[in-house]
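Student: Per my numbering, the sequence shown runs over residues 244 to 503. No residue lacks a Cβ here, since even glycine has one placed at the ideal position from N, Cα and C.
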Amino acid sequence: MRLSKTNVSLKGSKDMVVAALLFVMSAALLGLVAYPSFSSLSSLKAEADSHNQELDSLTARRENLEALSNISATLDDDLNLVKKAVPDSNEIPALLSQVQQIALESGVSIKTLQYSGSAGSSLQAAPEVQSPPASAEEDLGAPSPSEGALPSPKSPTSSSKILVQVNVSGSYQQMVLFLKTLESARRLLSFESLRLASDSKEDISHMALSTNLTGYYSPSVSSPNQSMDLKGALFKNIIETLRSYKEYENKEIPAEVPSP
C-alpha cells in the first residue's frame with residue numbers, strides 16, 4: 244500500500260504543531276511558577292543591604308566597646324578630673340576654701356568673701372583670713388587669659404551656679420598673681436566682673452580689687468542628646484588642660500582676728 248505525499252506532509256505538520264503547543268504550554272507554566280520569585284528579588288536585595296548595614300553598625304560599636312574596655316582605668320581617672328572641675332554637687336565650702344588658699348598664696352588680704360548658692364539668693368559671708376606679709380615679687384604684667392585655658396563652662400540652669408563675691412587688697416603684682424591663680428585652679432571659675440582701684444591716697448601702690456566669680460556644678464542627669472568622643476582630640480585637650488591646673492583640698496582656714 245502506498246501513502247501519498249499529501250498524507251505524509253499533513254502528518255508531519257500535525258507533529259510540529261503539537262510540539263510547538265507543548266513548548267508554549269511548558270514555557271507559560273514555567274513563567275507562572277518562576278515570576279513571583281523573580282519579582283521578589285529586588286525586595287530581598289534591599290532587605291539584605293539593610294541587614295548588612297546593621298551588621299556593620301554593630302561591628303563598629305563592638306570595636307568601640309572593646310577599645311573603651313582596654314582604657315577603662317584611664318577613663319576613670321579622666322572623668323574624676325572632670326568631676327573635680329565641675330562637681331556633681333555645689334560643694335560650696337570647698338570652693339570658698341580654694342579662693343581663700345589662693346589669696347594666701349598670692350599674698351593678698353581678703354576683706355570680704357560672700358557667696359550665693361543660686362541666682363536670686365542673698366549673698367552670705369564667708370570667714371575672712373589673714374594673709375602673710377607681702378614679699379617682693381616679679382612684675383607679672385596685666386592679667387589676661389592664660390594660653391590654652393579652657394572656655395568658661397555654660398550653666399544650663401540657675402541652680403547649677405554658685406556666685407562668689409570677693410574683695411581683696413594688696414600690691415598690683417599680688418593682684419595679678421591672685422587672678423592668674425584663680426584662673427588656673429582645678430575647680431573652674433569664670434569672672435563676671437572685675438574692679439581695681441587704689442586702696443589708699445597716701446600709697447597708690449596698694450590696690451583694692453573687687454571681683455564677682457561664678458563656680459559651676461552639674462548634677463548627674465541622663466541626656467541622650469549630648470555626647471562626646473572620649474577618644475577624640477577635644478576631650479584629650481580638655482583633660483590635659485585640667486591636669487595642668489592645681490587642685491586645692493578643702494580645709495578650714497583660720498579667720499582673721501580683728502585688732503583691738
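#1: DSSP state of Lys474, grouped into three classes?
#2: Quick one: what does DSSP say Ala392 is sitting in, helix, strand or coil?
#3: Go through the segment 306-359 residue by residue and report every complete run of the beta strand (DSSP E) that reaches 3 residues or more, in order.
#4: Rank Leu439, Glu445 and Gly458 by C-alpha distance to the C-alpha of Ser433 and give the top, closest one.
#5: With distance defined between alpha-carbon atoms, name the residue in Glu492, Leu425, Val409 and Phe421 nearest to Thr454.
#6: Among the residues of its own chain, which have a CB less than 6 angstroms from the CB of Met418, if the five just before and after it don't count?
#7: Give the DSSP-derived three-state secondary structure of Ile447 in the structure shown.
#8: What number of angstroms, rounded off, separates the C-alpha of Leu322 from the C-alpha of Ile405?
#9: Since I believe Val407 is in contact with Leu477 (beta carbons under 8 angstroms), could you give me their beta-carbon distance rounded to a whole number of angstroms?
#10: Do the segment 424-431 and the segment 327-337 meet, that is, are 3 or more Cβ pairs less than 8 angstroms apart?
#11: Compute the Euclidean distance between the alpha carbons of Ser402 and Leu318, then round it to the nearest angstrom.
#12: Taking the alpha carbon of Pro462 as the point to measure from, which residue in Val325, Ile345 and Arg304 has its own alpha carbon closest?
#13: For Leu308 and Leu287, I'd like the C-alpha separation in whole angstroms.
#14: Could you round the C-beta distance between Ala346 and Ile335 to whole angstroms and report it? I think they count as a contact, below 8 angstroms.
#15: Look up Leu432 in the DSSP assignment and give the residues it is bridged to.
#16: Which residues in the same chain have their Cβ closer than 6 angstroms to the Cβ of Gln344, if we skip the five residues on either side of it in sequence?
#17: According to DSSP, simplified to helix, strand and coil, what is Ser427?
Tutor: Per the coordinate set shown:
#1: Locating residue 474 in the sequence shown gives position 231, where the first residue counts as 1. Here Lys474 sits in coil by DSSP.
#2: Counted from its first residue, the sequence shown places residue 392 at position 149. Caution is warranted here: a pLDDT of 48 is assigned to Ala392, below 50, making its placement in the model unreliable, and the coordinate value is therefore given only provisionally. DSSP places Ala392 in coil when its eight states are reduced to three.
#3: Secondary structure within the segment 306-359: the beta strand (DSSP E) runs of 3 or more consecutive residues, fully enclosed, are 352-359 (chain order).
#4: Numbered from 1 along the sequence shown, position 190 holds the residue referred to as residue 433. Looking at the Cα atoms, Gly458 is the closest of the given residues.
#5: Looking up residue 454 in the sequence shown gives position 211. With distances taken between Cα atoms, Thr454 lies closest to Val409.
#6: Within the sequence shown, numbered from 1, the residue matching residue 418 stands at position 175. Excluding residues within five positions, the ones whose Cβ falls inside 6 angstroms are Met450 and Leu452.
#7: One-based indexing of the sequence shown puts residue 447 at position 204. Of the three classes helix, strand and coil, the one that applies to Ile447 here is coil, per DSSP.
#8: Counted from its first residue, the sequence shown places residue 322 at position 79. Counted from its first residue, the sequence shown places residue 405 at position 162. Their backbone Cα atoms lie some 22 angstroms apart in a straight line.
#9: For the purposes of this step, residue 477 is identified with residue 234 of the sequence shown, where counting begins at 1. For the purposes of this step, residue 407 is identified with residue 164 of the sequence shown, where counting begins at 1. The C-beta distance from Leu477 to Val407 rounds to 28 angstroms, too long to meet the 8 angstroms contact threshold.
#10: Contact holds: three or more Cβ-Cβ distances are below 8 angstroms.
#11: Counting from one through the sequence shown, the residue named residue 402 turns up at place 159. Counting from one through the sequence shown, the residue named residue 318 turns up at place 75. Caution is warranted here: a pLDDT of 49 is assigned to Ser402, below 50, making its placement in the model unreliable, and the coordinate value is therefore given only provisionally. Answer to the nearest angstrom: the Cα atoms are 28 angstroms apart.
#12: Along the sequence shown, one-based indexing puts residue 462 at 219. Distance from the Cα of Pro462 is smallest, within the candidate group Val325, Ile345 and Arg304, for Val325.
#13: Here residue 308 is taken as the residue at index 65 of the sequence shown, counted from 1. Here residue 287 is taken as the residue at index 44 of the sequence shown, counted from 1. Cα to Cα, Leu308 sits roughly 32 angstroms from Leu287.
#14: On the sequence shown, position 103 is the one that residue 346 refers to. On the sequence shown, position 92 is the one that residue 335 refers to. The pair is not a contact, with the Cβ atoms about 17 angstroms apart (cut-off 8 angstroms).
#15: In the sequence shown, residue 432 corresponds to position 189, counting from 1. Paired residue(s): Gly458.
#16: As a position in the sequence shown, residue 344 is number 101, starting the count at 1. A distance below 6 angstroms between beta-carbons, with the five flanking residues on each side excluded, links Gln344 to the following residues of its chain, in chain order: Tyr491.
#17: For the purposes of this step, residue 427 is taken as the residue at position 184 of the sequence shown. In the structure shown, Ser427 sits in coil (DSSP, three-state: anything other than H, G, I, E or B).
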